[in-house]
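Going by the UniProt record's numbering, the first residue of the sequence shown is number 1, and it counts up by one from there.
Below you'll find the structure, written out as structure tokens, and then a few comments.
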Amino acid sequence: MWSSKPVPTEQPSLYECALGLKSCTGPSAMRVDQLPLLNTWPLFVLIGLVGAVVLWVLYSPSHTPPPTRRPSMPKVSPKKDSDKEVDPSEPTRLVMIHTYSGFIYLIARGVVLDILRLAVGLLPWNRAAAARETAAAAGAANAVPKAGPPFLTGWVVFYTRRLYQRIEDCWNRPIAGEASARIQMCVRERVGRGDGAPLVMTGEKQDLLNLGSYNYLGFGGIDERCTPAVEDALRDHGVTACSSRLECGETSVHVQLEATVAKFLDKEAALVVGMGFATNSTLIPVLVDPSGNGKGVLVLSDALNHSSIVEGVRGAGG
1 MWSSKPVPTE
11 QPSLYECALG
21 LKSCTGPSAM
31 RVDQLPLLNT
41 WPLFVLIGLV
51 GAVVLWVLYS
61 PSHTPPPTRR
71 PSMPKVSPKK
81 DSDKEVDPSE
91 PTRLVMIHTY
101 SGFIYLIARG
111 VVLDILRLAV
121 GLLPWNRAAA
131 ARETAAAAGA
141 ANAVPKAGPP
151 FLTGWVVFYT
161 RRLYQRIEDC
171 WNRPIAGEAS
181 ARIQMCVRER
191 VGRGDGAPLV
201 MTGEKQDLLN
211 LGSYNYLGFG
221 GIDERCTPAV
231 EDALRDHGVT
241 ACSSRLECGE
251 TSVHVQLEAT
261 VAKFLDKEAA
271 LVVGMGFATN
281 STLIPVLVDP
291 SGNGKGVLVL
301 SDALNHSSIV
311 EGVRGAGG
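So, in structure tokens, the structure goes:
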């Protein structure tokens with residue numbers, strides 16, 4: 001007796017279809033980036049959490065190795081936890097674990113994607129395309145000769161492709177107009193899929209409150225009184241005022257200001273320099289002792305001074 005039921009055929013797996021081992025159509029036809037393995041994000045999160053805990057245990061600032069026995073050293077009573085100085089700027093354990101787990105997850109995910117990309121590129125029907133891509137990249141790199149070592153190699157390329165390009169929109173956002181108290185941010189959207197999908201301008205703008213600027217004095221925007229004065233100063237003294245005074249940044253205004261400050265403080269002389277971390281951290285050691293040995297020199301510094309001043313005093317050797 002003949003049966004009307006069709007004979008079941010063996011369906012290829014998703015991985016055989018994605019890697020091109022078998023011809024597939026319909027629901028089984030998936031790309032490499034659609035494999036269920038790559039969608040199991042809880043596995044990568046778990047790996048990231050475990051790695052973050054291990055890194056925190058090994059490199060935690062509060063982690064101290066067990067004391068070694070020294071018969072010749074007198075016994076010292078350990079300090080209580082209440083006596084230890086706590087730095088409020090240090091991240092908490094939860095913040096450290098969250099940060100480390102995020103980076104470990106992205107790194108592990110990027111490594112898996114690169115391995116799958118290499119595996120797919122080794123297939124016979126993909127070798128020609130991979131060779132053309134490699135030749136095109138080499139030709140573009142050799143088109144313009146450059147001096148010195150290459151900039152994009154190894155870890156830099158991996159970090160740019162798998163980590164930075166995924167999260168660059170968190171801070172790298174173009175604006176339209178001046179960077180004042182409020183800014184007009186240009187809205188962008190990703191076109192395509194994958195980590196390296198480009199961000200394309202949509203033509204829209206979003207009015208936002210500027211909380212990420214160094215413009216705490218308000219000079220970055222357009223002001224009725226400040227902006228014309230800045231333009232007049234640039235016409236009179238040029239833009240070299242932003243340069244180092246050892247090069248071409250010193251003007252007559254600096255000399256007059258130093259004389260005024262010295263007279264106000266009733267001192268023989270005063271030194272006025274531009275704002276910057278390196279200004280204090282590198283200039284203070286030279287003022288204390290140009291030879292770099294400032295031991296025995298008393299430097300009075302406020303407890304709430306900027307970290308650049310603290311680093312400068314430490315670098316003086318005192």
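Virtual Cβ for every residue (Gly too), placed ideally from N, Cα, C.
Check each candidate in the options and name the one with the smallest Cα separation from residue i.
i           : options                        : result
SER180      : THR227, ASN280, LEU106         : THR227
GLU250      : ASP232, LEU271, VAL261, VAL230 : LEU271
VAL45       : PRO88, HIS98, GLU90, HIS237    : HIS98
residue 320 : ARG132, GLU258, GLY194, ILE107 : Outside the displayed range of the chain (1 to 318) lies residue 320, so it cannot be described from this structure.
TRP171      : VAL200, SER213, TYR159         : SER213
ASP114      : GLY154, MET96, ARG132          : GLY154
LEU217      : CYS248, MET275, ALA259, ALA262 : MET275
LEU49       : ASP87, GLU90, VAL95, GLY238    : VAL95
ARG117      : ALA303, CYS242, GLY194         : GLY194
HIS237      : SER252, ARG225, GLU247, ARG245 : SER252
ARG245      : VAL273, SER89, LYS267          : VAL273
THR282      : ARG132, LYS267, SER308         : SER308
If you drop the 5 nearest sequence neighbours on each side, which residues of the same chain put their C-beta closer than 7 Å to that of residue i?
i      : result
ARG93  : TRP56
THR202 : VAL187, ARG188, GLU189
ALA176 : GLN184, CYS186, LYS205
LEU287 : none
For residue i, which residues from the same chain have a beta carbon less than 8 Å from its beta carbon, with the 5 sequence-adjacent residues on both sides left out?
i      : result
ILE198 : Note on identity: in this sequence residue 198 is Pro, with Ile being the wrong assignment. Around PRO198: ARG190, VAL191, GLY192.
GLY196 : ARG161, GLN165
LEU211 : none
Can you name the residues that DSSP bridges to residue i?
i      : result
GLN165 : Paired residues: none, contrary to the question.
ASP207 : GLN184
ARG190 : LEU199
ALA128 : Bridge partners of ALA128: none, in fact.
ILE175 : MET185
My assumption, with CB atoms under 8 Å, is that residue i sits in contact with residue j. Please give the rounded CB distance.
i      : j      : result
GLY317 : GLY294 : 4 Å
ILE104 : ILE47  : 7 Å
HIS254 : ASN280 : That belief does not hold up - the Cβ atoms of HIS254 and ASN280 are roughly 17 Å apart, past 8 Å.
ASP289 : VAL297 : 6 Å
ALA269 : ALA262 : 5 Å
Considering only residues of the same chain and omitting the five flanking positions on each side of residue i, which have a CB-CB separation below 6 Å?
i      : result
ILE222 : GLU178
GLY51  : ILE104
ARG173 : MET185
LEU208 : ILE183, MET185
LEU38  : Below a pLDDT of 50, predicted positions are generally treated as unreliable, and LEU38, at 48, falls in that range; no measurement from the model is reported.
THR240 : CYS248, GLY249
LEU21  : With a pLDDT of 49 at LEU21, under the threshold of 50, the predicted position of this residue should be treated as unreliable, though the coordinate-derived value follows. Taken in chain order, the list of residues that qualify is empty.
Indicate whether at least one CB of chain D lies closer than 7 Å to the CB of residue i.
i      : result
PRO285 : The question asks about chain D, but that chain is absent: this structure has only one protein chain.
Checklist entry - In chain order, which continuous runs of the alpha helix (DSSP H) of length 4 or greater are located wholly inside the segment 224-291? => result 226-237, 252-265, 277-288
Item to check | Residue ranges of each alpha helix (DSSP H) within the segment 86-121, 4 or longer | outcome: Counting only runs of 4 or more, we get 93-121.
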